[in-house]
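As you go down the protein sequences, you meet chains A and B in turn.
Plus 3 on top of the position in the first sequence (first one is 1) and you've got our numbering.
Plus 3 on top of the position in the second sequence (first one is 1) and you've got our numbering.
2 protein chains.
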Amino acid sequence: PVSLLLWSRYISKAAAKAQLDYDYDGPLMKTTVPGPRSQNVGAVNFFCNYDDSRGNYLVDVDGNRMLDLYTQISSIPIGYNHPALLKLMANPNNLSTFVNRPALGILPPENFPDKITESLISVAPSGMTRVQTMACGSCSNENAFKSMFIWYRNKERGHNSPSEEDLSTCMINQAPGCPDLSILSFMGGFHGRTMGCLATTHSKIIHKLDVPSFDWPIAPFPRLQYPLEEFTRENAQEEARCLEEVEDLIVKWRQKGRPVAGIVIEPIQAEGGDNHASPDFFRKLRGIARKHGCAFHADEVQTGGGSTGKFWAHEHWGMEDPADIVSFSKKLLSGGYFYRDELQPYRIFNTWMGDPSKNLFLAEVLNVIRRENLLEEVARSGKALLDGLYDLQAQFPGLLSRARGQGTFCAVDVCDAATRDRILLQTRDKGVILGGCGESSIRFRPALIFRDYHVHLFLNIFSDVLAHNK
Amino acid sequence: PVSLLLWSRYISKAAAKAQLDYDYDGPLMKTTVPGPRSQNVGAVNFFCNYDDSRGNYLVDVDGNRMLDLYTQISSIPIGYNHPALLKLMANPNNLSTFVNRPALGILPPENFPDKITESLISVAPSGMTRVQTMACGSCSNENAFKSMFIWYRNKERGHNSPSEEDLSTCMINQAPGCPDLSILSFMGGFHGRTMGCLATTHSKIIHKLDVPSFDWPIAPFPRLQYPLEEFTRENAQEEARCLEEVEDLIVKWRQKGRPVAGIVIEPIQAEGGDNHASPDFFRKLRGIARKHGCAFHADEVQTGGGSTGKFWAHEHWGMEDPADIVSFSKKLLSGGYFYRDELQPYRIFNTWMGDPSKNLFLAEVLNVIRRENLLEEVARSGKALLDGLYDLQAQFPGLLSRARGQGTFCAVDVCDAATRDRILLQTRDKGVILGGCGESSIRFRPALIFRDYHVHLFLNIFSDVLAHNK
Chain A
4 PVSLLLWSRY ISKAAAKAQL DYDYDGPLMK TTVPGPRSQN VGAVNFFCNY
54 DDSRGNYLVD VDGNRMLDLY TQISSIPIGY NHPALLKLMA NPNNLSTFVN
104 RPALGILPPE NFPDKITESL ISVAPSGMTR VQTMACGSCS NENAFKSMFI
154 WYRNKERGHN SPSEEDLSTC MINQAPGCPD LSILSFMGGF HGRTMGCLAT
204 THSKIIHKLD VPSFDWPIAP FPRLQYPLEE FTRENAQEEA RCLEEVEDLI
254 VKWRQKGRPV AGIVIEPIQA EGGDNHASPD FFRKLRGIAR KHGCAFHADE
304 VQTGGGSTGK FWAHEHWGME DPADIVSFSK KLLSGGYFYR DELQPYRIFN
354 TWMGDPSKNL FLAEVLNVIR RENLLEEVAR SGKALLDGLY DLQAQFPGLL
404 SRARGQGTFC AVDVCDAATR DRILLQTRDK GVILGGCGES SIRFRPALIF
454 RDYHVHLFLN IFSDVLAHNK
Chain B
4 PVSLLLWSRY ISKAAAKAQL DYDYDGPLMK TTVPGPRSQN VGAVNFFCNY
54 DDSRGNYLVD VDGNRMLDLY TQISSIPIGY NHPALLKLMA NPNNLSTFVN
104 RPALGILPPE NFPDKITESL ISVAPSGMTR VQTMACGSCS NENAFKSMFI
154 WYRNKERGHN SPSEEDLSTC MINQAPGCPD LSILSFMGGF HGRTMGCLAT
204 THSKIIHKLD VPSFDWPIAP FPRLQYPLEE FTRENAQEEA RCLEEVEDLI
254 VKWRQKGRPV AGIVIEPIQA EGGDNHASPD FFRKLRGIAR KHGCAFHADE
304 VQTGGGSTGK FWAHEHWGME DPADIVSFSK KLLSGGYFYR DELQPYRIFN
354 TWMGDPSKNL FLAEVLNVIR RENLLEEVAR SGKALLDGLY DLQAQFPGLL
404 SRARGQGTFC AVDVCDAATR DRILLQTRDK GVILGGCGES SIRFRPALIF
454 RDYHVHLFLN IFSDVLAHNK
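What follows is the structure, given as structure tokens:
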């Protein structure tokens, strides 16, 4: 049967063992998951033993060891308990950074600017030399939006001096002090769940229901056919349709008296179902933003940090000036956003404004990425993963379709949500953790240390599960 | 002269030395601040040497050692480099908690519920047995607001099943899915600077200008006369006026089609100028919320954690059922909110949902607070501080007025903003860090280990500065 053919094929490929001495050899399952020691409470999947987790493997409290292709919702950059990070903890010079969390905006630690230069600024997107640190992805986007609003209003005024009316109305939430401005977002987008972010999030009902929102424009995100290179003409048409709609919405909202101050978009819509668009789409969208005087904000909270095979997904667009703002979090271990000089966030402030202890880890993560050429590794293992998904969807056309990806940032659609959910659980019971996204997609979000060896381990297990669901 | 009299008086009082073996003896200034090694960049006050900071003393990069009564905007609970926290860092069993940050909502560490029970639940406000952890104060309030909206809509529906129209409209930011509900807040209040929070923040123009907002009702916060006990009748009248306005606004906004789902208030308005109200005011406000079916949210981000002499400022109200939601952050080292069972936040979720490494520190902070009876210490040193401020405002009636406080959570008004700012800088150059708030107030936010000894050290220096400004 087909499934056995797949088994043998992947088993032979899997012979080359991983070279990571801090990794485990493979999954090891003792119970179904959640097992007896995991109390299953609400949304909790299971309880974890983080002490014993290592490299690509997450261990649960029942001793089950699972190959992790979800990595805490894509937020573990170089695997569990990486020796470089443990070593950093052993250095007594780092102690006070953990124990004394400063109000970074007013009382930063000695040489904090240098530390930021060594870490975040060393990976600054093209055209940007400045970064604002924040504690999480939502706060990053909230404050990025505020930066765009402030920039837009100053541009409207032609100077930085607000009027008396601005000053008096802003304290009571009224225009012009609190202006009727908007952020244009895309259907299927996800930018966080605090109230400003949530007004630009349109991926799942559960996020939005019952929460008051803003009347802001929502454009269609291209619904492309995969593999992209086989449908270039159809996809270009679809992208042109969406871009036209973007321009129409900008004009319409300006006429409504609620001008679009900024456009926010993910380079790959993640939560919304791993929806891709071409570099050409993003280049044109950037052009539309410029033409209409809107700021352009690339939200790289999920795509940033290397899993697309480049440090930032927007690097695939090949632009010197890809955006006005690039926000990040997750794999960068705390949040923030890079910005072009014009968007100086002088009035962006809160108590902590990030966390230097996370920056300490990030600097080391970046060292590991460079030292071990992890972006190249991701490109290589990502190709193996996507090729494997192509094979599997050819073998199981009733189950899988629309395999797609960039680096290891891959996804595949399952025929329906119930089957997808069942497959996720069955795969987990065989020792592999995956995530869902969109209506019935599976998303793959391994750490940057996920190698060919792990790809084939995964493909073997996955093909077995698929065969059972055929 | 008066200033010399004060000097000698406080010097005699200051004879009893602090018993904290991890503290310094007193300030030690080598330069003015910021000194030559502090580059002064934008909003940065100066750069700090957190390694050498200890107990109540913050040390800067020029070696200046300052008695800290501002504590990183009120966020350092038991001083710098407390031995108990350093010891915790030395325990190898804690390593993996720092190195592997989980997605707490789905993959919590082993026994995380027990750890939360030992830490946060051990200080749960009366009537509450549940807590939702978050990464910062703003995220805590944003999600608390969402919990109140969801609770209110379910109450309106009479069941938990949204209509088809709810489901389809929420994805495009429209009512009824994104309902026209509001949160009632108070003029002078501060609840954070993300967009939902910011709609309830009304303390400073700089926070709000140019950011779109919601049409939500804003009630006057009582403007009381101090000392409170000398103006009980006048203050009661002022509070009655404000409460009447609250009810009027609730009715008006309901008529507008934008019902008030919740009321948010600080037990003491901090950022807005350390404005107090009586326990009677809060008890009546709680009653009004209940009468009109609004949730009641006490924002204890700044007041929580012990500095008022009780762990929560709302404990001074003497109620068994003080609120539906109590949010926190700062001295609790990461954010979150306690809630009554009815406000189950089933749909509250994000990637990190807090940080177990901060909870590790918090558990130890709570141990220290209990072991060293720090709440009693705060009540004692707070009384000495407020008595000293009363004396100083009697000595310098042209400079100081309206001394007020609860525990060490004290403040005093200066005659004007320019004088206030000058006094803050001069005091800093003499080795004491203070903070401003409101238009021309000085706020005192020492750590919980601030003793009588430190109070008198501060009062001596402060009276000297005041004498120079007479």
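C-beta atoms are modelled at their ideal positions from N, C-alpha and C, and glycine is treated no differently.
Residue i, buried or exposed, once every other Cβ within 10 Å from all chains shown has been counted against 16
i: S41(B); result: buried
i: Y53(A); result: buried
i: V102(A); result: buried
i: E242(A); result: buried
i: S166(B); result: exposed
i: K255(B); result: exposed
i: P225(B); result: buried
i: S125(B); result: exposed
i: P4(B); result: With a pLDDT of only 33 at P4(B), under the threshold of 50, the placement of this residue in the model should not be trusted, and no figure is reported.
i: G161(B); result: exposed
i: L169(A); result: At residue 169(A) the sequence reads Asp, which differs from the Leu that was named. Buried, because 16 or more other Cβ atoms sit within 10 Å of the Cβ of D169(A).
Chain-ordered chain B contacts of residue i [CB-CB under 9 Å]
i: V2(A); result: No answer is possible for residue 2(A): the residues shown for chain A start at 4 and end at 473.
i: D467(A); result: Those do not exist, as D467(A) stays about 24 Å from chain B at its closest Cβ, beyond 9 Å.
Proximity of residue i and residue j at Cβ, strictly below 8 Å
i: H205(B); j: R196(B); result: no
i: V458(A); j: G391(A); result: yes
i: T411(B); j: F453(B); result: yes
i: V263(B); j: H295(B); result: yes
i: F341(B); j: A127(B); result: yes
i: F217(A); j: S171(A); result: no
i: G321(B); j: P282(B); result: yes
i: G260(A); j: A298(A); result: no
i: I1(A); j: M198(A); result: The structure shown has nothing for residue 1(A), since chain A only spans 4 to 473.
i: P270(A); j: F50(B); result: no
i: N144(B); j: S330(B); result: yes
i: N362(A); j: S122(A); result: yes
i: T354(B); j: A147(B); result: no
Partner residues on chain B for residue i, Cβ-Cβ distance less than 8 Å
i: Y340(A); result: Result: empty, since nearest Cβ-Cβ is about 14 Å, beyond 8 Å.
i: C139(A); result: A138, C139, C142, N353, T354 and W355
i: K333(A); result: T354
i: S78(A); result: R104, A106, T354 and W355
Cut-off 8 Å between Cβ atoms - residues of its own chain near residue i, not counting five sequence neighbours on either side
i: M69(A); result: P30, M32, V36, Y60, L61, V62, D63, R431, G434, V435 and I436
i: K333(A); result: I76, S77, S78, G140, V304, Q305, G307 and G308
Within chain A, the residues that residue i reaches when beta carbons sit closer than 7 Å
i: S99(B); result: Y53, D54 and N84
i: I109(B); result: A46, V47 and N48
Own chain, CB closer than 6 Å to residue i, minus 5 neighbours either side, in chain order
i: P86(B); result: Y25
i: Q429(B); result: V468
i: N157(A); result: N163
Partners in chain B for residue i, counting only beta-carbon separations shorter than 7 Å
i: R156(A); result: D213
i: H205(A); result: M174
i: E113(A); result: F50, C51, N52 and V64
i: E145(A); result: T197 and M198
Residue i in three-state terms, based on DSSP
i: I351(A); result: coil
i: D368(A); result: Per the sequence shown, residue 368(A) should be read as Val rather than Asp. Note: V368(A) maps to helix in three-state DSSP.
i: A387(A); result: helix
i: I209(B); result: helix
i: G108(A); result: coil
i: Y229(B); result: coil
i: F234(B); result: coil
i: M356(A); result: coil
i: Q135(A); result: strand
i: I124(B); result: helix
Partners in chain A for residue i, counting only beta-carbon separations shorter than 9 Å
i: P30(B); result: The premise fails here: P30(B) is roughly 16 Å from chain A at the closest Cβ pair, so nothing lies under 9 Å.
i: L184(B); result: D213, V214 and P215
i: P165(B); result: I208, L212 and D213
Chain-order list of residues whose beta-carbon lies under 7 Å from that of residue i (same chain, five-residue window excluded)
i: Q396(B); result: L403, S404, A406 and V415
i: C245(B); result: A222, P223, F224 and P225
i: R286(B); result: W320 and M322
Proximal chain E residues relative to residue i, where beta-carbon distance stays under 8 Å
i: M322(B); result: Of the protein chains in the structure, A and B, none is chain E.
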